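**Student:** In this note's numbering, the protein residues as written are 3 to 505.
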Ligand code: ADP
Ligand code: MG
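Encoded structure:
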């Protein structure tokens, strides 16, 4: 970054920039304010392109980017951006919220940067500011609460720390979480009686926090437990520190030791925190001895948590340990449908299947995909369709795309046969009955789409047929796809078989 260029060079450069904007030579146009900003922080004078100039520059950038990314993306994601100023080599842009910023960062940066170089003639860095109420400020506050810790924005939490919507009724039971769910139910029905402690472990975004909150709600509502605490291990540590600082440890001890149910989330974060571990050890013992329920979660099995005292590890392993595995396709679809129903999002089944097929990492991403799709759909006033999902979720689907590279013709053939219940020999035979002809067309189409195979190659691998047969098959399927929505669902299901996510 060039902070302190010599004034002549600086002026020439701005001149070039502005000249470019007008499509003319290097003279500085009157409309562009080259101002001087007195910064309160450093008290130094620096050159900026003020609002009028930066707006013109931005308009130019927008019109070029629009040609590259298309009108929908431009209207939805680029038009709401407000250019604040170009100062030094940093372009400050204001976006309505964190969703915009994240989308822009994930999807548009290379195109944007390339266009800026075209327009300005040199590289500039981009800084996004989330809009605050104080519009008109040159430097809106960059404090972004949303951008905090991953679990920070739990908007609807109760006094006892429980997240309101995380109940059993909104939790979908399926492959991957059946056991943990059954254990959670048992504990909720008899806190302190069944499994104590209950230790749930599993990867990020798989529903641990949801499930243990559900236990908390149930314990209050159905079992009449008066004192239920839910908190993250981070909060537990923070409370401890705060009580220590104020010399109020007695208060801390009595607070947690009188709990009917104590739920501590993400205990892997206790790692290496000796004082917290010691305090928790005593709390644990007191509660356990008086048959009060303790519920813990972690992203690891107890003996895999480094920096955890042996005596705590033993305690953690002394009750029931239940794991949560990633959900299977059906469960993912059901979760999406549940979330859509709760948020009143009209989500056609084929779109749910499409998202669930391509977003496989965890439930949080799945939900993120749905939110993104809904935002996009309502902003552009387009209905939620498979096409729209494809367009909007490209980024989340990357892992799927990467897998596509490795798909072979055999894999497609096998999966198609498995789906239709026929043999590969049928597919490569000369038979023309509808029973075989349609699956063959589907297989050829998917060989092209997923394995990137050429028409002649497909012809050869399907029993030495001519390349026009493969071509015809692909055209035929494409045509039917436009008219038959169910066919899309069929293809999505077969794709899933191809990627081996489903038996
Ligand atoms: P973890 O604590 O394991 O990282 P969370 O409990 O925070 O995951 O889950 C992430 C998101 O996914 C939450 O919004 C949660 O409601 C949702 N979720 C996870 N599993 C399920 C499920 N089986 N049914 C419904 N929603 C789920
Ligand atoms: Mg969690």
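Built from N, CA and C at the ideal position, the CB exists for glycine as well.
No experiment lies behind these values; they were computed from the predicted model shown.
Evaluate residue 252 with the Cβ neighbour count: other Cβ atoms within 10 Å of its Cβ, from every protein chain shown; 16 or more gives buried, anything less gives exposed.
**Tutor:** In the chain shown, residue 252 corresponds to position 250, counting from 1. It counts as exposed.
**Student:** What do you reckon, are the CB atoms on residue 258 and residue 278 nearer than 8 Å?
**Tutor:** Along the chain shown, read from residue 1 onward, the residue named residue 258 stands at position 256. Along the chain shown, read from residue 1 onward, the residue named residue 278 stands at position 276. In this structure, residue 278 does not lie closer than 8 Å to residue 258 by Cβ.
**Student:** The beta strand (DSSP E) spanning residue 300 covers which residue range?
**Tutor:** Translated into positions along the chain shown, residue 300 becomes position 298. Where residue 300 is concerned, the enclosing beta strand (DSSP E) stretches over 295 to 300.
**Student:** State whether the stretch 332 to 340 contacts the stretch 185 to 196, with contact taken as three or more CB pairs (one from each stretch) at a distance under 8 Å.
**Tutor:** Verdict: no, contact absent.
**Student:** Is the beta carbon of residue 288 within less than 7 Å of some heavy atom of the ligand NAD?
**Tutor:** Among the ligands modelled here, namely the ligand ADP and the ligand MG, the ligand NAD does not occur.
**Student:** Give me whichever residues DSSP pairs with residue 203 in a beta bridge.
**Tutor:** Taking the chain shown and counting its residues from 1, one reaches residue 203 at position 201. In DSSP, residue 203 forms a bridge with 300, 325.
**Student:** Apply the 10 Å Cβ neighbour rule to residue 497 and answer buried if 16 or more other Cβ atoms are within range, or exposed otherwise.
**Tutor:** Stepping through the chain shown from its first residue, residue 497 is reached at position 495. That one is buried.
**Student:** Based on the DSSP output, what are the partners of residue 96 in its beta bridges?
**Tutor:** On the chain shown, position 94 is the one that residue 96 refers to. Looking at the DSSP assignment, residue 96 forms a beta bridge with 84, 131.
**Student:** Verify the contact flag: residue 208, CB atom, against every heavy atom of the ligand ADP, threshold strictly below 7 Å.
**Tutor:** Start at 1 with the first residue of the chain shown, and residue 208 comes out as number 206. Yes - the ligand ADP has a heavy atom lying nearer than 7 Å to the Cβ of residue 208.
**Student:** With a Cβ-Cβ cutoff of 8 Å, do residue 201 and residue 326 count as a contact?
**Tutor:** Locating residue 201 in the chain shown gives position 199, counting from the first residue. Locating residue 326 in the chain shown gives position 324, counting from the first residue. Contact: no.
**Student:** Along the chain, where does the beta strand (DSSP E) that runs through residue 265 open and close?
**Tutor:** Position 263 of the chain shown, counted from the first residue, corresponds to residue 265. Element bounds for residue 265: 263 to 267.
**Student:** Considering only C-alpha positions, which residue in the set 239, 192, 130, 86 is nearest to residue 283?
**Tutor:** Within the chain shown, the letter at position 281 stands for residue 283. The shortest C-alpha separation from residue 283 is found at 239.
**Student:** Would you identify the three-state DSSP class for residue 89, choosing helix, strand or coil?
**Tutor:** Taking the first residue of the chain shown as position 1, residue 89 is located at position 87. Correct three-state label for residue 89: strand.
**Student:** Using a 10 Å radius around the Cβ and a threshold of 16 neighbouring Cβ atoms, would you call residue 432 buried or exposed?
**Tutor:** Along the chain shown, read from residue 1 onward, the residue named residue 432 stands at position 430. By the neighbour-count rule (16 or more Cβ atoms within 10 Å), residue 432 is not buried but exposed.
**Student:** Can you tell me where the alpha helix (DSSP H) holding residue 234 begins and where it ends?
**Tutor:** By one-based count along the chain shown, residue 234 stands at place 232. That residue, residue 234, is in no alpha helix (DSSP H); its beta strand (DSSP E) goes 230 to 234.
**Student:** How about residue 302 and residue 197: are their beta carbons less than 8 Å apart?
**Tutor:** Here residue 302 refers to the residue found at position 300 of the chain shown. Here residue 197 refers to the residue found at position 195 of the chain shown. Not a contact, by the Cβ cut-off of 8 Å.
**Student:** I need the DSSP call for residue 139, collapsed to helix, strand or coil.
**Tutor:** Along the chain shown, read from residue 1 onward, the residue named residue 139 stands at position 137. With a pLDDT of 32 at residue 139, under the threshold of 50, the modelled position of this residue cannot be trusted, and the question is left open.
**Student:** I'd like the list of long-range same chain contacts for residue 74, defined as Cβ closer than 7 Å, with 5 residues on each side in sequence excluded.
**Tutor:** Position 72 of the chain shown, counting from 1, holds the residue named residue 74. Cβ neighbours of residue 74 beyond the five flanking positions: 382.
**Student:** Are the beta-carbon atoms of residue 391 and residue 422 separated by less than 8 Å?
**Tutor:** Along the chain shown, one-based indexing puts residue 391 at 389. Along the chain shown, one-based indexing puts residue 422 at 420. No.
**Student:** Assess, as a yes-or-no matter, whether the stretch 362 to 370 is touched by the stretch 203 to 217 under the definition of 3 or more beta carbon pairs within less than 8 Å.
**Tutor:** Judged by Cβ distances under 8 Å, the stretch 203 to 217 makes contact with the stretch 362 to 370, as three or more pairs qualify.
**Student:** How is the alpha helix (DSSP H) around residue 461 delimited, first residue to last?
**Tutor:** Stepping through the chain shown from its first residue, residue 461 is reached at position 459. Looking at the DSSP string, the run of the alpha helix (DSSP H) that includes residue 461 is 457 to 463.
**Student:** Can residue 318 and residue 199 be called in contact, C-beta distance under 8 Å?
**Tutor:** Your numbering for residue 318 matches position 316 in the chain shown. Your numbering for residue 199 matches position 197 in the chain shown. Their beta carbons are under 8 Å apart, which means residue 318 touches residue 199 by this criterion.
**Student:** Among the residues of its own chain, which have a CB less than 6 Å from the CB of residue 97, if the five just before and after it don't count?
**Tutor:** As a working note, residue 97 is residue 95 in the chain shown. If we look at residue 97 and ignore the five residues flanking it on each side, its Cβ neighbours are 83, 103, 130.
**Student:** Starting from residue 114 and walking both ways along the alpha helix (DSSP H), at which residues does that stretch end?
**Tutor:** Position 112 of the chain shown, counted from the first residue, corresponds to residue 114. First-last of the alpha helix (DSSP H) with residue 114: 111 to 122.
**Student:** Between which two residues does the alpha helix (DSSP H) holding residue 441 run?
**Tutor:** Looking up residue 441 in the chain shown gives position 439. Residue 441 -> alpha helix (DSSP H) spans 436 to 453.
**Student:** Is residue 486 helix, strand or coil when you go by DSSP?
**Tutor:** Working through the chain shown from its first residue, we reach residue 486 at position 484. The answer is coil: DSSP assigns residue 486 none of H, G, I, E or B.
**Student:** Exposed or buried, what is residue 417 when buried is set at 16 or more other beta-carbons lying within 10 Å of its beta-carbon?
**Tutor:** In the chain shown, residue 417 corresponds to position 415, counting from 1. Buried: at least 16 other Cβ atoms inside 10 Å.
**Student:** I need the DSSP call for residue 305, collapsed to helix, strand or coil.
**Tutor:** Indexing the chain shown from 1 puts residue 305 at position 303. Helix at residue 305.
**Student:** Ignore the nearest five residues each way along the sequence and tell me which others in residue 479's own chain have a CB closer than 7 Å to its CB.
**Tutor:** Position 477 of the chain shown, counted from the first residue, corresponds to residue 479. Counting only Cβ-Cβ distances below 7 Å, and skipping sequence neighbours, we find 443, 444, 447.
**Student:** Please state whether DSSP places residue 227 in a helix, a strand or coil.
**Tutor:** Here residue 227 corresponds to residue number 225 of the chain shown, with the count starting at 1. Looking at residue 227 - three-state DSSP - the assignment turns out to be coil, as it is neither helix nor strand.
**Student:** Verify whether the separation of the beta carbon atoms of residue 499 and residue 420 is less than 8 Å.
**Tutor:** Taking the first residue of the chain shown as position 1, residue 499 is located at position 497. Taking the first residue of the chain shown as position 1, residue 420 is located at position 418. It is a contact, given that the beta carbons lie within the stated cut-off.
**Student:** Do residue 132 and residue 99 have their beta-carbon atoms positioned less than 8 Å apart in this structure?
**Tutor:** Here residue 99 corresponds to residue number 97 of the chain shown, with the count starting at 1. Here residue 132 corresponds to residue number 130 of the chain shown, with the count starting at 1. A contact, by the Cβ cut-off of 8 Å.
**Student:** Any heavy atom of the ligand MG closer than 7 Å to the CB of residue 408?
**Tutor:** Position 406 of the chain shown, counted from the start, is the residue given in the question as residue 408. False, no ligand heavy atom lies under 7 Å from that Cβ.
**Student:** Thinking residue 269 and residue 299 are a contact (beta carbons under 8 Å), I'd like their distance in whole angstroms, please.
**Tutor:** By one-based count along the chain shown, residue 269 stands at place 267. By one-based count along the chain shown, residue 299 stands at place 297. With a Cβ gap of about 7 Å, residue 269 and residue 299 count as contacting.
**Student:** Thinking C-alpha only, which one of 428, 368, 472, 349 is nearest residue 379?
**Tutor:** As a first step, residue 379 must be located in the chain shown, where it is residue number 377. Ranking the options by Cα distance to residue 379, first place goes to 349.
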